[in-house]
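Step one of this worksheet: look at the structure below.
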Amino acid sequence: MALPATRPTAAVPSGAALSADQLLEIYYYLRLTRTLEERLVALYRQTKVIGGLFRSLGQEGESVASAYALERGRNKDVLSPLIRNLGSMLVMGAQPIEILRQYMAKADSPTRGRELNVHFNDLEKGYLGQISHLGDMIPVMAGIALTFKLRREPRVGLVYIGDGGTSTGTFHEGLNFAAVQRLPLVVIGEYNHWAYSTPPERQFAVKDLAEKAKGYGIPAVSVDGNDVFAVYEATKFAAERARRGKGVHFIEVKTYRRKGHAEHDDQHYVPKDVLDLWSKSNDPIDRYSQRVLAADLVSESDLKDIDDRVRMEVDQATDACMNEPLPDAESALPGVYVNPPAADKLWFKSL
Amino acid sequence: MAEVTYLEALRQGLWEEMERDDRVFILGEDVGLYGGAFKVTEGFTKRFGETRVIDTPISEAAIVGAAAGAAHMGLRPVAEMQFIDFISCAYDMLTNYVATARYRAGLSTPLVVRGPCGGYVRGGPFHSQNPEAAFLHTPGLKIVYPATARDAKGLIKSSIRDEDPVLYLEHKWLYRRIKEQLPEGEEILTPIGQARLAREGEHLSIITYGATLWKSLEAAEKLDKEDGVSVDVLDLRTLLPLDDAAIVATVKKTNKVLIVHEDTRTGGIAGEIAARINEQAFEWLDGPITRVTAHDVPLPYAPTLEDFVLPQTDDIVKAARWLAKY
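The listed protein sequences correspond, in order, to chains W and L. Quick note on numbering: the working numbering labels position 248 of the first sequence as 250, and the sequence is numbered without any gaps. Quick note on numbering: the working numbering labels position 244 of the second sequence as 395, and the sequence is numbered without any gaps.
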């Protein structure tokens, strides 16, 4: 039976210290991720979301903390998020209005209505959207890290892979390639206990994902994924090590997917008591809030102010894009290539 | 008789073959207790047990490769791709290993790879694909693509019984949209390699398959009512091998051909069909062989874009009117 990861954080000497401002910034991204997703649920129920809706409830901590450990800003580190890494994209600078527009397939969405949800990029800000084929982003991010190495830039790539995704061929090929080339790449293996409806014991025969990484000759740690500090410290250590030219590092984050695969999935296959346990006693945002408050690092009113600010920002973003138009039909044609600039409009459309 | 959906018909076909032949087993992602992403195999684990309904890791290459090995040894695997878009991950296994096995090594590989295809569902570029053209160029594979509930059942049963590897492409837009009265207790076996005349007419022929059969039938109805143009509609059902005889017969009957498919234009199956008509019935043509297909772009997500990119009933009507007047 899956139980909350309560083991102590793996000892990773990062020497990282976070200021009160940084602690509040992390809280801001945690709250923003959750509130934005809650807004998306409301929009989904109003049939404003065109396709499926994917939640990261319960996994916001590891997404935000791992991204927060990177160097952010124009042309710094680059990460590649998965469907449940909305938090990491927000940390890297993706705007709530972009996410809302993507889900509602608006003309002004980052992909102009071509792609879904969090499948979009801003390489300058430092995120490269996934495709649906799991594992594919590992070799691609290896290529981004290879470029940093070849250009001798002190930059790092970070890529997420789910427990199910580690069963794909591209995961193994990409990881081996990156390991052999000693690339500056951090791989976050998200052990969230469910690949759609498939539990870990039907996905792999090892106990921890970290064991897989060790087979490629790269260091791997397993950390409590709902402990924001643990994930931050582990990622900081791995990223700085990679930045120093020491190669790939694998971090397994133990967490729990608290919603179905997508909003349509009622996750009836998940034991209710386990879900309750993770929800009541191991919520990453609750744990983070309690810890920073208990250590007297920030005040309750600080957190409350952020909650209010986030709600206002999400309201404003929703109001701003809600009634925007969908893309013009013929805007489907340009951009398959640079040259020719547009696909042919087929003959029968002009009859 | 009982009314069944396309999905239920497919399910019945799988079920009956598993009841009939204990060599048949299913493997794929979330196919067991969950019953598959679209619930095609719901209830199968309860009836047939976990040894015959196997939940696999997310590993399409391993799913198809393992199916091949089991098929060599005398089993009859049915491998599910959760969405057919992920069949690309098993492309090497299917084209290099499975398709060549009989010819190069005398190996029998009677397996079925099946999965939901197609658009019109706002699935975006990775949950809407039609992969038939990628495999049409592969001698050694058979490809079937049912459009009706009857054929969904009849073709899955024939595919499972076939001695060679079959790609069974099912359209998710048809899953619950198509309902049909099917006889109870009667064995339905749709022969592989045979097209079916879905509507009879005399002025022009529409050759199609999958979801666009229904759009073509809708168009044919409209053409009949509004223009007095009667249309022969040929549902290919099997794409590899193509039913040349049925294609040539409809050409000889109407002398004008419109080929309709949901897949993109360039390199699509319409080109192959046009070439065959050219070779076998050129002198019977009274007009150019024309195509209504998707535009040559990855399938976009927004409804406005998807509707424009994919062939619609109105597109077929317009193209058919043009051809009828030619």
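Quick reminder that beta carbons are idealized off the backbone N, C-alpha and C, glycines included.
Excluding the 5 residues flanking residue i on each side, which residues of the same chain have their C-beta closer than 8 Å to its C-beta?
i        : result
Thr35/W  : Ser58, Glu62, Ser65, Val66, Leu88, Gly89, Leu92
Trp473/L : Thr441
Ile428/L : Ile398, Val399, Val402, Val408, Leu436, Ile440
Asp458/L : none
Arg289/W : Gly63, Asn228, Asp229, Val230
Gly17/W  : With a pLDDT of 44 at Gly17/W, under the threshold of 50, the modelled position of this residue cannot be trusted; read the value that follows with caution. Correct list: empty, nothing qualifies.
Could you have a look at residue i and say whether DSSP puts it in helix, strand or coil?
i        : result
Lys50/W  : coil
Tyr499/L : A query on residue 499/L cannot be resolved here, the shown segment of chain L reaching from 152 to 477 and no further.
Ala264/W : coil
Ser111/W : coil
His412/L : strand
Arg9/W   : A caution first: Arg9/W carries a pLDDT of 37, below 50, which makes its placement in the model unreliable, though a value can still be read off. Of the three classes helix, strand and coil, the one that applies to Arg9/W here is coil, per DSSP.
Asp309/W : helix
Gly145/W : helix
Ile163/W : strand
Glu154/L : strand
Thr320/W : helix
Gln463/L : coil
Glu353/L : coil
Ala215/W : helix
Asp275/W : helix
Gly216/L : helix
Ile101/W : helix
Asp386/L : strand
Ala344/W : strand
Ser301/W : coil
Lys209/W : coil
Excluding the five sequence neighbours on either side, which residues of its own chain have a C-beta within less than 7 Å of the C-beta of residue i, listed in chain order?
i        : result
Pro141/W : Thr172, Glu175, Gly176, Phe179
Pro10/W  : At Pro10/W the pLDDT is 35, less than 50, meaning the model places this residue with poor confidence; the figure from the coordinates comes in the next sentence. Contacts found: none.
Tyr254/L : Gly291
Leu461/L : Gly270, Tyr271, Glu413, Ala445
Leu42/W  : Val51, Leu55, Tyr105
Asn281/L : Cys268, Gly269, Glu413, Asp414
His251/W : Val188, Ile220, Pro221, Ala240, Arg243, Ala244
Ala421/L : Ile410, His412, Arg442, Thr444
Checking 8 Å against the spacing of the C-beta atoms, do residue i and residue j come in under that value?
i        : j        : result
Pro208/L : Ala218/L : no
Ala230/L : Val263/L : yes
His266/W : Gly54/W  : yes
Tyr193/W : Glu254/W : yes
Ala215/W : Val225/W : no
Gly164/W : Leu187/W : no
Arg157/W : Gly249/W : no
Ser367/L : Thr405/L : no
Leu328/W : Ala109/W : yes
Asp479/L : Arg347/L : Only positions 152 to 477 of chain L appear in this structure, which leaves residue 479/L out of reach.
Leu325/L : Glu283/L : no
Leu287/L : Val295/L : no
Asp345/W : Asp466/L : The residue asked about is misnamed: residue 345/W is Ala in this sequence, not Asp. It is not a contact, given that the beta carbons lie outside the stated cut-off.
Ile311/L : Val204/L : no
Within its chain, find whatever has a CB closer than 6 Å to the CB of residue i; leave out the 5 residues flanking it on each side and keep chain order.
i        : result
Ser381/L : Gly352, Glu353, His354, Asp375
Gly2/W   : For chain W, the structure presents residues 3 to 353; residue 2/W sits outside this window and is missing.
Glu308/L : The question names Glu, but residue 308/L in the sequence shown is Lys. Result list for Lys308/L: Gly164, Glu168, Leu340, in chain order.
Glu314/L : Pro261
Glu369/L : Thr464
Gly216/L : Met244
Ala221/L : Pro228
Phe350/W : none
Would you kindly report the start and end of the unbroken beta strand (DSSP E) that includes residue i?
i        : result
Pro267/L : 263 to 268
Asp206/L : 204 to 206
Tyr129/W : From DSSP, Tyr129/W is part of no beta strand (DSSP E); its letter is neither H nor E.
Gln332/L : 330 to 333
On the DSSP letters alone, give me the boundaries of the alpha helix (DSSP H) that residue i sits inside.
i        : result
Leu118/W : It is not in any alpha helix (DSSP H) - Leu118/W carries neither H nor E in the DSSP assignment.
Ala230/L : Counting along the chain, Ala230/L falls outside any alpha helix (DSSP H), though it belongs to the beta strand (DSSP E) covering 227 to 231.
Ile440/L : It is not in any alpha helix (DSSP H) - Ile440/L carries neither H nor E in the DSSP assignment.
Ser367/L : 362 to 378
Gln431/L : 420 to 432
Leu295/W : 286 to 296
Phe252/W : Unbroken run through Phe252/W is the beta strand (DSSP E), 251 to 256; no alpha helix (DSSP H).
Confirm the yes/no value for this check: CB of residue i, any heavy atom of the ligand ADP, distance under 7 Å.
i       : result
Leu25/W : Of the ligands one can find in the structure shown there are none, so the ligand ADP has no counterpart to examine.
Answer yes or no: does any C-beta atom of chain B fall closer than 8 Å to that of residue i?
i        : result
Ile133/W : Absent from the structure is chain B; the protein chains it does hold are W and L.
- Select from the stretch 107 to 126 of chain W all residues with a C-beta closer than 7 Å to any C-beta belonging to chain L, and list them in chain order. Ala107, Gly115, Arg116, Glu117, Leu118
- Message: So if I threshold CB-CB distances at 8 Å, which residues from the stretch 400 to 417 of chain L count as touching chain W?
- Response: Arg416
- Message: Residues of the stretch 139 to 172 of chain W in Cβ contact with chain L at a cutoff of 9 Å, in chain order, please.
- Response: Gly164, Gly166, Gly167, Thr168, Ser169, Thr170, Gly171, Thr172
- Item | Residues from the stretch 360 to 391 of chain L in contact with chain W, defined by Cβ distance under 8 Å | So nothing in the stretch comes that close.
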